[in-house]
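K.L.:
In our numbering, each residue's number is its place in the sequence shown (first place is 1) plus 165.
I have a structure I would like to understand better, so I am pasting it below and will then ask my questions one at a time.
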Amino acid sequence: MTRFSKFYASSIGKKFIAAVTGLVLFGFLAGHVAGNLKVYTGADHVMVDGAEDAINVPHIDQYGHFLRVVGEPLVPKLFVLWGARVVLLLSVVLHIMVVVQLSMKSAEARPVDYVKSKKAAASWAARYMMVSGLIVLAFIIFHLLHFTAGVIVIGDFEEGKVYNNLRSSFRNPIVAIGYVVVMAMLAFHMYHGVWSLFQTLGLDNPDRNRFLRAFAIVASVGIAAGLASVPLAFLTGMLPDLGEYPSYLLEK
Ligand code: HEM
166 MTRFSKFYAS
176 SIGKKFIAAV
186 TGLVLFGFLA
196 GHVAGNLKVY
206 TGADHVMVDG
216 AEDAINVPHI
226 DQYGHFLRVV
236 GEPLVPKLFV
246 LWGARVVLLL
256 SVVLHIMVVV
266 QLSMKSAEAR
276 PVDYVKSKKA
286 AASWAARYMM
296 VSGLIVLAFI
306 IFHLLHFTAG
316 VIVIGDFEEG
326 KVYNNLRSSF
336 RNPIVAIGYV
346 VVMAMLAFHM
356 YHGVWSLFQT
366 LGLDNPDRNR
376 FLRAFAIVAS
386 VGIAAGLASV
396 PLAFLTGMLP
406 DLGEYPSYLL
416 EK
């Protein structure tokens, strides 16, 4: 057995992998919320030859374009984005593999009358983590087909026109509310995940626990609420129609 396979085979190794991959996904979501909040900063007004009015190029579209070209000319277009996608995909796969294996192990070790024991609360959280994790996984698949691949089209979809794609989808109340409900589940999943991560890393300690729990709540609810605000803002008409613009303006 190599050192890695010994580490992987142990419970602490799996917990560590769950914690590190969870941290990568948490970091992604912190960046994702910052990117999504650009819907609130509006657009740049670009004068195009012959146009009577300036044309709006939404900041979120410019940010999306930046993510596709970042690293150029050192590396080709989409290179950095695909690198990040591979890291994210590996993290999701590993995260699921280790948490499923850990929960199978703890189910085997569980005494028959565990429901009456003190472990009941912990096992409720573990079951909730499995269910919410599965829902978030189904959401991610739907979400990628929706806003990235444009395979599930609700309203209009045009690649790179992020603001208009969001606006067009979230004017549909079922879609907007569906996204908000998943974000509420995600908030709890992240909160419990961050708290478990502190325990796995051995950071928990009676002197610090109140602070660590508060940090886990503020970070998780903050990220989920920031994301959920986007469908709500479009649904309620808080965000304006910024109009159409020719895609070549993003290259400028
Ligand atoms: C209300 C909540 C959310 C909104 C409004 C939102 C919005 C978006 C948009 C507009 C895109 C496409 C960006 C582009 O084309 O440049 C996108 C991509 C993506 N989103 Fe979300 N998102 C939300 C929640 C989430 C959550 C909870 C996750 C993960 C758990 C997630 C994971 C992703 C991923 C992996 C991509 C693809 C990035 C790429 O590879 O290009 N999103 N999101």
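For glycine and all other residues, C-beta sits at the position ideal for the given N, C-alpha and C.
Using CA atoms only, rank isn't needed, just tell me which of Gly-192, Phe-363, Ser-297 and His-308 is closest to Ala-249.
P.N.:
By one-based count along the sequence shown, residue 249 stands at place 84. Selected option, being the one with the closest Cα: Gly-192.
K.L.:
What would DSSP say about Pro-338, mapped onto helix, strand or coil?
P.N.:
By one-based count along the sequence shown, residue 338 stands at place 173. DSSP places Pro-338 in helix when its eight states are reduced to three.
K.L.:
Does the structure place the region 178 to 188 close enough to the region 259 to 275 that three or more beta carbon pairs sit under 8 angstroms?
P.N.:
They touch, by the three-pair rule.
K.L.:
Does the beta-carbon distance from Leu-232 to Leu-246 come in below 8 angstroms?
P.N.:
In the sequence shown, counting from the first residue as 1, residue 232 sits at position 67. In the sequence shown, counting from the first residue as 1, residue 246 sits at position 81. Going by C-beta atoms, Leu-232 is nearer than 8 angstroms to Leu-246.
K.L.:
Applying the criterion that 16 or more other CB atoms from any shown protein chain within 10 Å of the CB defines a buried residue, is Ser-170 buried or exposed?
P.N.:
For the purposes of this step, residue 170 is identified with residue 5 of the sequence shown, where counting begins at 1. That one is exposed.
K.L.:
Could you give the C-beta distance for Phe-304 and Ile-317, rounded to a whole number, given that I count them as a contact under 8 angstroms?
P.N.:
Residue 304 sits at position 139 when you count from the first residue of the sequence shown. Residue 317 sits at position 152 when you count from the first residue of the sequence shown. About 12 angstroms; that fails the 8 angstroms criterion.
K.L.:
Starting from His-210, trace the beta strand (DSSP E) both ways and give me its first and last residue.
P.N.:
For this step, residue 210 is matched to residue 45 along the sequence shown. It spans 208 to 211 - the beta strand (DSSP E) in which His-210 sits, taken as one unbroken run.
K.L.:
Distance check for Ala-199 and Ser-271, CA to CA, integer angstroms please.
P.N.:
Position 106 of the sequence shown, counting from 1, holds the residue named residue 271. Position 34 of the sequence shown, counting from 1, holds the residue named residue 199. Going from the Cα of Ser-271 to the Cα of Ala-199 covers about 37 angstroms.
K.L.:
Quick check on DSSP: helix, strand or coil for Ile-317?
P.N.:
Translated into positions along the sequence shown, residue 317 becomes position 152. DSSP places Ile-317 in coil when its eight states are reduced to three.
K.L.:
Contact check, Val-386 vs Ala-341 under 8 angstroms by CB: the rounded distance?
P.N.:
As a position in the sequence shown, residue 386 is number 221, starting the count at 1. As a position in the sequence shown, residue 341 is number 176, starting the count at 1. Not confirmed; about 19 angstroms, so no contact.
K.L.:
Which stretch, first to last residue, makes up the alpha helix (DSSP H) that contains Pro-223?
P.N.:
Taking the first residue of the sequence shown as 1, we reach residue 223 at position 58. No alpha helix (DSSP H) holds Pro-223; the beta strand (DSSP E) holding it covers 220 to 223.
K.L.:
Please return the same chain residues whose Cβ sits closer than 6 angstroms to the Cβ of Arg-292, not counting the five positions on each side in sequence.
P.N.:
For the purposes of this step, residue 292 is taken as the residue at position 127 of the sequence shown. Hits under 6 angstroms: none found.
K.L.:
What residue range is occupied by the uninterrupted alpha helix (DSSP H) comprising Gly-192?
P.N.:
In the sequence shown, residue 192 corresponds to position 27, counting from 1. Unbroken alpha helix (DSSP H) run through Gly-192: 176 to 201.
K.L.:
If we call anything under 8 angstroms between Cβ atoms a contact, is Lys-203 one with His-224?
P.N.:
As a working note, residue 203 is residue 38 in the sequence shown. As a working note, residue 224 is residue 59 in the sequence shown. Cβ atoms of Lys-203 and His-224: closer than 8 angstroms.
K.L.:
From the DSSP output, in three-state form, read off Asn-329 for me.
P.N.:
Counted from its first residue, the sequence shown places residue 329 at position 164. In this structure, Asn-329 counts as helix in the three-state DSSP scheme.
K.L.:
Could you check which residue in Ser-268, Thr-313 and Met-294 has the C-alpha nearest to that of Asp-226?
P.N.:
Here the question's residue 226 lines up with position 61 in the sequence shown. For Asp-226, the nearest C-alpha among the options comes from Thr-313.
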